[in-house]
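Colleague: Protein chains in written order, with this note's numbering: chain A, 1 to 224; chain B, 1001 to 1114. Have a look at this one.
Written out as structure tokens, the structure reads:
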């Protein structure tokens, strides 16, 4: 069983096919599950309600970054000490939550990033790996100053301190880079651990990278 | 020329619309004055297009029309940027509201369940 101070946040948008299985397997390890339903138009909400986990609903769709931030704020109200970001699409492995939270429990870091590239377990489609993910790693390094082996992995664990200091303002997928950027600006100790991602579908589409680029450039130009 | 007549008709229509908006208190006096002056300047250029050539030669551009186009493009880029910034702010504000509602409902439901 997972440490009771750990809370798992699952941002979900139209995951009626996967959410049941994901929650069921998580429930074997913990009861601290928060699903943030980002205004799904399918039966996601219904399915989650039947499972008896914490469910927060966005009235209108805001994006995965926004859903994670909402879930994090709710987790704080529940007294969470460690926050885990976990995808609703069934690609992440529940056992990896132990790996991802270990450095936090040992107080070796404030934030832990899961990586597909530290071992060879994840079978990643060739085009995705070399045409999208590798360039993304360089781009993130250029943008944030931090070089991770896996730039765009949604599997993360944050200490309470890290989660409080990192305010996700990028509602869309650019939040991944934004989080890394804030790790640098807040000078948080970070580390990576290998996780296994199982690909059933391709994942994000090819051109979403350009949207992310646009969002990030815009955020740097527009000062708050 | 025909184009001048067409444009002038459009300008008169635009000024009337601006005046109506001011009368209905949709826009402020300041906006009314600014837009009226703007349309009068446009009208001036339409009636006497040679003036643009004078200005153009003064700043070193070949044709008056070219100058008008350059300036228009600059203004449009600037306005577009302003719109993007505004849009970004609105999106973030919407998220704040959606989050507030989501969290307050989340608290309530769980309390009712327990």
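Glycine included, C-beta positions come from ideal geometry on N, C-alpha and C.
Who are residue 190/A's beta bridge partners in DSSP?
Modeller: 111/A
Colleague: Could you check which residue in 14/A, 52/A, 180/A and 194/A has the C-alpha nearest to that of residue 145/A?
Modeller: 180/A
Colleague: Name the DSSP bridge partner or partners of residue 130/A?
Modeller: According to DSSP, which records beta bridges pairwise, residue 130/A is partnered with nothing at all.
Colleague: Rank 45/A, 38/A and 6/A by C-alpha distance to the C-alpha of residue 27/A and give the top, closest one.
Modeller: With respect to the C-alpha of residue 27/A, the residue from 45/A, 38/A and 6/A having the closest C-alpha is 6/A.
Colleague: Using a cut-off of 8 Å between C-beta atoms, extract the partners of residue 60/A located in chain B.
Modeller: 1094 and 1098
Colleague: Contact criterion: CB-CB distance below 9 Å. Does residue 36/A meet it with respect to chain B?
Modeller: yes
Colleague: So with CB distances below 9 Å, who are the chain B contacts of residue 218/A?
Modeller: 1084, 1085 and 1088
Colleague: Mind listing the chain B neighbours of residue 56/A? Cutoff is C-beta to C-beta under 7 Å, in chain order.
Modeller: Correct list: 1102, 1103 and 1106.
Colleague: Give me, in chain order, the residues of the same chain whose beta-carbon lies closer than 6 Å to that of residue 137/A; leave out the 5 immediate sequence neighbours on both sides.
Modeller: 151
Colleague: Give me the Cβ distance between residue 104/A and residue 159/A, rounded to the nearest whole Å; I'm assuming they're in contact under 8 Å.
Modeller: Yes, they are in contact, since the Cβ atoms of residue 104/A and residue 159/A sit about 5 Å apart, within 8 Å.
Colleague: Would you call residue 1114/B buried or exposed, if buried means 16 or more other Cβ atoms sit within 10 Å of its Cβ?
Modeller: Residue placement at residue 1114/B cannot be trusted, given a pLDDT of 48 that sits under 50; what the coordinates show is reported in the next sentence. It is exposed - the Cβ of residue 1114/B has fewer than 16 other Cβ atoms within 10 Å.
Colleague: Per the contact definition of three or more C-beta pairs closer than 8 Å, is the stretch 1088 to 1095 of chain B in contact with the stretch 36 to 43 of chain A?
Modeller: Contact fails: fewer than three Cβ-Cβ distances are below 8 Å.
Colleague: In chain order, what residues of the stretch 137 to 157 of chain A put their CB closer than 8 Å to some CB of chain B?
Modeller: Residues passing the 8 Å Cβ filter: none.
Colleague: Do you know how far the Cα of residue 73/A is from the Cα of residue 93/A?
Modeller: 24 Å
Colleague: If we ignore side chains and look at the alpha-carbon of each, how far apart do residue 128/A and residue 135/A end up?
Modeller: Straight across, the Cα-Cα distance linking residue 128/A with residue 135/A is about 10 Å.
Colleague: Quick one: what does DSSP say residue 1029/B is sitting in, helix, strand or coil?
Modeller: helix
Colleague: What runs of the alpha helix (DSSP H), each 4 residues or longer, lie entirely inside the stretch 8 to 32 of chain A?
Modeller: 19 to 27
Colleague: By the three-class DSSP mapping on this structure, what secondary structure does residue 158/A have?
Modeller: If DSSP states are grouped into helix, strand and coil, residue 158/A belongs with the strands.
Colleague: Using the C-alpha atoms, what's the distance from residue 108/A back to residue 76/A?
Modeller: 22 Å
Colleague: Find the nearest neighbour of residue 1053/B within the set 1065/B, 1084/B and 1013/B, judged by alpha-carbon distance.
Modeller: 1065/B
Colleague: Output needed in chain order: residues of the stretch 65 to 92 of chain A with a Cβ under 8 Å from some Cβ in chain B.
Modeller: 66, 69, 70, 73, 74 and 77
Colleague: Please go through the stretch 1023 to 1111 of chain B and give each complete beta strand (DSSP E) segment of 3 or more residues, from N-terminal end onward.
Modeller: none
Colleague: Using three-state DSSP, classify residue 199/A as helix, strand or coil.
Modeller: coil
Colleague: Between residue 147/A and the rest of its own chain, which residues show a CB-CB distance below 6 Å, the 5 nearest in sequence each way excluded?
Modeller: 141
Colleague: Closest to residue 188/A by C-alpha separation, out of 25/A, 34/A, 170/A and 112/A, would be which residue?
Modeller: It is 112/A.
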